[in-house]
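*Asks:*
Protein chains in written order, with the working numbering: chain R, 1086 to 1332; chain D, 1086 to 1332; chain F, 1086 to 1332.
1) With DSSP run on the structure shown, which of helix, strand or coil describes residue 1086 of chain R?
2) For a contact defined as C-beta to C-beta under 9 Å, what are the partners of residue 1225 of chain F on chain D?
3) Expressed to the nearest angstrom, what Euclidean distance is found between the alpha-carbon atoms of residue 1159 of chain D and residue 1126 of chain F?
4) Per the contact definition of three or more C-beta pairs closer than 8 Å, is the region 1203 to 1219 of chain D in contact with the region 1271 to 1282 of chain D?
5) What's the C-alpha gap between residue 1187 of chain R and residue 1170 of chain R?
6) Could you pull out every unbroken beta strand (DSSP E) segment of at least 3 residues lying fully inside the region 1256 to 1318 of chain F, listed in chain order?
7) Do you know offhand how far residue 1116 of chain D's Cα is from residue 1220 of chain F's?
8) Beta-carbon separation of residue 1121 of chain F and residue 1152 of chain F under 8 Å?
9) Name, going along the chain, the residues of the region 1192 to 1206 of chain D whose beta-carbon falls closer than 7 Å to a beta-carbon of chain F.
10) Report all residues from its chain with a CB closer than 6 Å to the CB of residue 1259 of chain D; omit the five preceding and five following residues, and keep chain order.
11) Considering only the alpha carbon of each residue, which of D/1329, D/1322, D/1315 lies closest to residue 1093 of chain D?
12) Please report the distance separating the alpha-carbon of residue 1155 of chain F from that of residue 1100 of chain F.
13) Measuring CB atoms only, is the region 1286 to 1297 of chain D touching the region 1261 to 1268 of chain D, in the sense that at least three cross pairs come out at less than 8 Å?
14) Cα-Cα, which of R/1204, R/1223, R/1284 is closest to residue 1236 of chain R?
15) Rank F/1281, F/1247, F/1087 by C-alpha distance to the C-alpha of residue 1178 of chain F and give the top, closest one.
16) Please state the DSSP three-state secondary structure of residue 1093 of chain D.
17) Among the candidates D/1223, D/1205, D/1301, D/1104, whose CA atom is the shortest distance from the CA of residue 1241 of chain D?
18) Just the Cα atoms here: how many angstroms apart are residue 1320 of chain R and residue 1193 of chain F?
19) What is the residue span of the beta strand (DSSP E) that residue 1237 of chain F lies within?
20) Against chain D, does residue 1283 of chain R count as a neighbour if the rule is that its beta carbon must be under 8 Å from one of theirs?
21) If you draw a straight line from the C-alpha of residue 1249 of chain R to the C-alpha of residue 1223 of chain R, how long is it?
22) Would residue 1097 of chain R be called buried (16 or more neighbouring beta carbons within 10 Å of its own) or exposed?
23) Check residue 1250 of chain R in the structure and name its three-state DSSP category.
24) So what does DSSP say about residue 1350 of chain D, is it helix, strand or coil?
25) Could you check whether residue 1103 of chain D and residue 1136 of chain D sit closer than 8 Å to each other, using their CB atoms as the reference points?
26) Between which residues of its own chain and residue 1181 of chain R is the CB-CB distance below 7 Å, once the five residues before and five after are set aside?
27) Which one or two residues does DSSP pair with residue 1173 of chain F in a beta bridge?
28) Output needed in chain order: residues of the region 1252 to 1271 of chain R with a Cβ under 7 Å from some Cβ in chain F.
29) Check whether the Cβ of residue 1214 of chain D lies closer than 8 Å to any Cβ atom in chain R.
30) Just to confirm the assignment, what range does the beta strand (DSSP E) spanning residue 1192 of chain F have?
31) Could you pull the start and end residues of the beta strand (DSSP E) that residue 1043 of chain F belongs to?
32) Taking 8 Å as the cut-off, decide whether the C-beta atoms of residue 1148 of chain R and residue 1114 of chain R are in contact.
33) Within the 8 Å Cβ cut-off, does residue 1228 of chain F reach chain D?
34) Near residue 1332 of chain D, what residues of its chain come up, given a Cβ to Cβ distance below 6 Å and the 5 sequence neighbours on each side ignored?
35) Just to confirm my understanding: we take residue 1287 of chain F, look at its own chain, exclude 5 residues before and 5 after, and list those with CB closer than 6 Å. What are they?
36) Which same chain residues, not among the five before or five after residue 1205 of chain R, have their C-beta less than 7 Å away from its C-beta?
In structure tokens, the structure reads:
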């Protein structure tokens, strides 16, 4: 049994956070909220999302697992104005999700969860550096780097206590340095890794410009990006595997 | 002789209402206003439009019939700001229409009316159900239905006194029910017909979201959609032939 | 040595004025500001631009000549908000331009000026007619003419003291007349020349709608278009060669 009411913008933000990596996903219906974990086909980018029951206007379930086509569900949610409520109700018998928006009822066929790529185990990494910054600074770094290269180095200068971004192209380079003053918080430590811009660009799309983003970094280790959605009632963590240093 | 001045938005709304169905049309220049009737090449959708002389700032004619290329005329009207005036004057000798917008003069070659598809006779149907609703509700129904199917059923539930929309796709369905409370007015009667979404989508584009639209329906009969333009000085009626029920 | 700080919108307007004609250009770094002169590959359209040192927040140079890829530089400038400052600094040794926007540093490889098309000599013409009008009137004339033709006649009616624009298509025509009343200023004189719309459309893109544009015209002579950018601290002159009259 699953019967919930949620605001359109909360549902949209939730779906957008996952759909930048995968087209289909499993949604765990837990007593205290929704849980989604997914990894892209190349096994390079992962997302771990939880949306608390408190993020909903009403939320009832006795547990379960459903598989959904994200773009289809995004299209439906997109029909609502951001402040409209969306009613979700699972029909256990037909395995369809009834989605109602102000009198309009959409019946969505679900996907057999067994046919969806297996959920990843997110490695429990203890990364030495942690940077907290605004989403808009990630956007600036990613957008500029994309003008010159297809990969990006993220690092921390342990001595000067600053976070840096480096992108080296064939002719042009981009460099961004943010000191403790420019950042919300910085725990310096030895950190420097190279990442694919394709993935960071997709993740960047889902990160609100005004979000407080926590970045965890190491030496040639995956990067973790955490931020909140749904006014703090939802948590998103992206993990991105490093590229082998090209030089 | 034809010499008239009209606001750009009135002319734009008039042209848009017709151009969703046809590329060229005949315009009857009558003493009391303009009249346009047209049918699409497949003979499925028709439009009947009248724009009263009162919709114009000034309007003079001794009658006549002209043929126009609608997209060309829409481009010209689109050059004006919505509150600018457009001066239209027919040159009988050259069969060209002089269109002046604040000093800019455009000379449009007219089309021989005999070369344009014949105007349809709009059948005088006495349909048992009549629904009056806002343009935005038609837009919601059409947009959602388009996500799952290429046809749409419109009907009235005579017993429960409600208007419904049904679209059944291969996997997903859309259903909308509007009771007398949700509608501006409802005259219930036995009514249920299937229509092509392609046509309804085009007609929907020309229906203002805040227009009061009167829908006349029957059992496997054409649907009629009426609404006003030009602050009540213009009337548009669309008629759409039903599809044979697929099930 | 070149070290300057300029607002993003001033730099963007400067680059846009030149990039409508050429992809690469030479920039002369003079004591009193920047100078750019360029001609398109077909030798039909030219631009002569100067941006005074007073247009900059700070400006220091001991002279020099650099070659730049305009679209690359436009992309970088486009990353800044219009009221942000952009810091430009030439690295003489590497021949790279360091561009800093609020902590973000972009290193742009310059182009060898010798590899860029030679700068044109702008002929010193004494044209008999001069029209001063708003950029938005040029936009209207060019947009409407483009609907019917690929060339446009600009002229002055010496007797009636008016500026006219004529575009003749295969079936439709566009005509615009602006009298001294509609214009900011008019010095009448014998003038009538035919121009390619392709070039005028490009130049029109770079002319602000609210700019005061001075147009100098003659009988089958090039047209000159002057306007200011950077709140009067920059000057742009376009010159466009006439087409041979087609009739």
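Where is the CB? At the ideal position from N, CA and C, for every residue including glycine.
*Replies:* A quick look at the data gives this:
1) To locate residue 1086 of chain R, count along the first chain from 1; it is residue 1. DSSP places residue 1086 of chain R in coil when its eight states are reduced to three.
2) Translated into positions along the third chain, residue 1225 of chain F becomes position 140. For residue 1225 of chain F, the residues of chain D that pass the 9 Å Cβ criterion are 1164, 1186, 1187, 1188, 1189, in the order they occur in the chain.
3) Here the question's residue 1159 of chain D lines up with position 74 in the second chain. Here the question's residue 1126 of chain F lines up with position 41 in the third chain. Rounded to the nearest angstrom, the two C-alpha atoms are 36 Å apart.
4) Contact holds between the region 1271 to 1282 of chain D and the region 1203 to 1219 of chain D, because three or more Cβ pairs, one in each stretch, are under 8 Å apart.
5) Taking the first chain and counting its residues from 1, the one referred to as residue 1187 of chain R is at position 102. Taking the first chain and counting its residues from 1, the one referred to as residue 1170 of chain R is at position 85. Straight-line Cα distance between these residues: approximately 8 Å.
6) Counting only runs of 3 or more residues that sit fully inside the region 1256 to 1318 of chain F, the beta strand (DSSP E) segments are 1258 to 1264, 1270 to 1272, 1276 to 1281, 1297 to 1302, 1308 to 1314, in chain order.
7) By one-based count along the second chain, residue 1116 of chain D stands at place 31. By one-based count along the third chain, residue 1220 of chain F stands at place 135. C-alpha separation (whole angstroms): 41 Å.
8) Along the third chain, one-based indexing puts residue 1121 of chain F at 36. Along the third chain, one-based indexing puts residue 1152 of chain F at 67. In terms of Cβ geometry, residue 1121 of chain F and residue 1152 of chain F do not form a close pair [threshold 8 Å].
9) For the region 1192 to 1206 of chain D, the beta-carbon criterion of a distance under 7 Å to any beta-carbon of chain F is satisfied by 1192, 1193, 1194.
10) Start at 1 with the first residue of the second chain, and residue 1259 of chain D comes out as number 174. Contacts found: 1229, 1230, 1233, 1252.
11) Against the second chain, residue 1093 of chain D aligns to sequence position 8. Ranking the options by Cα distance to residue 1093 of chain D, first place goes to D/1315.
12) Start at 1 with the first residue of the third chain, and residue 1155 of chain F comes out as number 70. Start at 1 with the first residue of the third chain, and residue 1100 of chain F comes out as number 15. A direct Cα-Cα distance of roughly 7 Å separates residue 1155 of chain F from residue 1100 of chain F.
13) Output reads no: the region 1261 to 1268 of chain D does not touch the region 1286 to 1297 of chain D.
14) For the purposes of this step, residue 1236 of chain R is identified with residue 151 of the first chain, where counting begins at 1. Looking at R/1204, R/1223, R/1284, the one whose alpha-carbon comes closest to that of residue 1236 of chain R is R/1284.
15) Your numbering for residue 1178 of chain F matches position 93 in the third chain. For residue 1178 of chain F, the closest C-alpha among the options F/1281, F/1247, F/1087 is that of F/1087.
16) Within the second chain, numbered from 1, the residue matching residue 1093 of chain D stands at position 8. It is helical.
17) In the second chain, residue 1241 of chain D corresponds to position 156, counting from 1. Of the candidates D/1223, D/1205, D/1301, D/1104, the one whose C-alpha sits nearest the C-alpha of residue 1241 of chain D is D/1301.
18) As a position in the first chain, residue 1320 of chain R is number 235, starting the count at 1. As a position in the third chain, residue 1193 of chain F is number 108, starting the count at 1. Rounded to the nearest angstrom, the two C-alpha atoms are 39 Å apart.
19) Residue mapping note: residue 1237 of chain F aligns to position 152 of the third chain, counting from 1. 1236 to 1242 is the span of the beta strand (DSSP E), which, as asked, contains residue 1237 of chain F.
20) The residue given as residue 1283 of chain R occupies position 198 in the first chain. Among the residues facing chain D, residue 1283 of chain R is not included, as its CB has no counterpart in that chain under 8 Å away.
21) For this step, residue 1249 of chain R is matched to residue 164 along the first chain. For this step, residue 1223 of chain R is matched to residue 138 along the first chain. Taking the straight line joining both Cα atoms gives about 11 Å.
22) Here residue 1097 of chain R is taken as the residue at index 12 of the first chain, counted from 1. Residue 1097 of chain R should be labelled buried.
23) Stepping through the first chain from its first residue, residue 1250 of chain R is reached at position 165. In the structure shown, residue 1250 of chain R falls within a strand segment according to DSSP collapsed to helix, strand and coil.
24) This structure gives no information on residue 1350 of chain D, because the portion of chain D shown stretches from 1086 to 1332.
25) The residue given as residue 1136 of chain D occupies position 51 in the second chain. The residue given as residue 1103 of chain D occupies position 18 in the second chain. No, these two residues do not count as a Cβ contact at 8 Å.
26) Within the first chain, numbered from 1, the residue matching residue 1181 of chain R stands at position 96. Spatial neighbours of residue 1181 of chain R in its own chain (CB-CB distance under 7 Å, excluding positions within 5 residues in sequence) are listed in chain order as 1192, 1193, 1194, 1195.
27) Position 88 of the third chain, counted from the start, is the residue given in the question as residue 1173 of chain F. According to DSSP, residue 1173 of chain F bridges with F/1089, F/1184.
28) Result list: 1256, 1257, 1258, 1259, 1260, 1261, 1262, 1263, 1267.
29) Mapped onto the second chain, residue 1214 of chain D falls at position 129. Not an interface residue.
30) Here the question's residue 1192 of chain F lines up with position 107 in the third chain. Element bounds for residue 1192 of chain F: 1189 to 1194.
31) Since the first residue of chain F shown is 1086 and the last is 1332, residue 1043 of chain F is not available in this structure.
32) In the first chain, counting from the first residue as 1, residue 1148 of chain R sits at position 63. In the first chain, counting from the first residue as 1, residue 1114 of chain R sits at position 29. If you check the CB distance, residue 1148 of chain R and residue 1114 of chain R come in under 8 Å.
33) Residue numbering aside, residue 1228 of chain F sits at position 143 when the third chain is read from its first letter. Closer than 8 Å to some Cβ of chain D, the Cβ of residue 1228 of chain F qualifies, so yes.
34) As a first step, residue 1332 of chain D must be located in the second chain, where it is residue number 247. In this prediction, residue 1332 of chain D scores a pLDDT of 48, lower than 50, which makes its location untrustworthy; the coordinate-derived value is nonetheless stated afterwards. Excluding sequence positions up to five before and after residue 1332 of chain D, its CB lies less than 6 Å from no other CB in the same chain.
35) Residue numbering aside, residue 1287 of chain F sits at position 202 when the third chain is read from its first letter. Excluding sequence neighbours, residue 1287 of chain F sits near 1105.
36) As a position in the first chain, residue 1205 of chain R is number 120, starting the count at 1. Its chain contains 1122, 1124, 1131 as the residues whose beta carbon lies nearer than 7 Å to that of residue 1205 of chain R, once the 5 sequence neighbours on both sides are disregarded; these appear in chain order.
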